[in-house]
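**Student:** Numbering (my numbering), first residue to last: 5 to 63.
Heads up, the beta-carbon is just placed ideally off N, CA and C, and yes, glycines get one too.
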Amino acid sequence: MNKGEDRADDYFDVEDLKRYMSLSVEEKLVYLQEINSFLMEAMPDGSKKAWEELKKNGW
5 MNKGEDRADD
15 YFDVEDLKRY
25 MSLSVEEKLV
35 YLQEINSFLM
45 EAMPDGSKKA
55 WEELKKNGW
């Protein structure tokens, strides 16, 4: 493997994925809403505007 090359296991922990898969649908939706709320708070205004423009254009 080349130095600096990213691997999937550098980003994902299989045990975390297994725990997520064991959640109920309702728990997954709550989890996703929490992620969305965090991202909207953390995202710069310019990025929010760009994202809204993409959504408006069907992306």
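(1) In whole angstroms, what is the alpha-carbon distance linking ASP10 and ASP17?
(2) Which of the three DSSP states, helix, strand or coil, is assigned to ASP17?
(3) Pick helix, strand or coil for LEU27, following the three-state DSSP scheme.
(4) If we ignore side chains and look at the alpha-carbon of each, how far apart do LYS59 and ASN40 end up?
**Tutor:** From the atom records:
(1) Residue mapping note: residue 10 aligns to position 6 of the sequence shown, counting from 1. Residue mapping note: residue 17 aligns to position 13 of the sequence shown, counting from 1. One C-alpha to the other measures close to 14 Å.
(2) Translated into positions along the sequence shown, residue 17 becomes position 13. The three-state secondary structure of ASP17, taken from DSSP, is coil.
(3) On the sequence shown, residue 27 is found 23 positions in, with the first residue counted as 1. Reduced to three states, the DSSP call for LEU27 is coil.
(4) For the purposes of this step, residue 59 is taken as the residue at position 55 of the sequence shown. For the purposes of this step, residue 40 is taken as the residue at position 36 of the sequence shown. Each residue's alpha carbon lies about 15 Å from the other.
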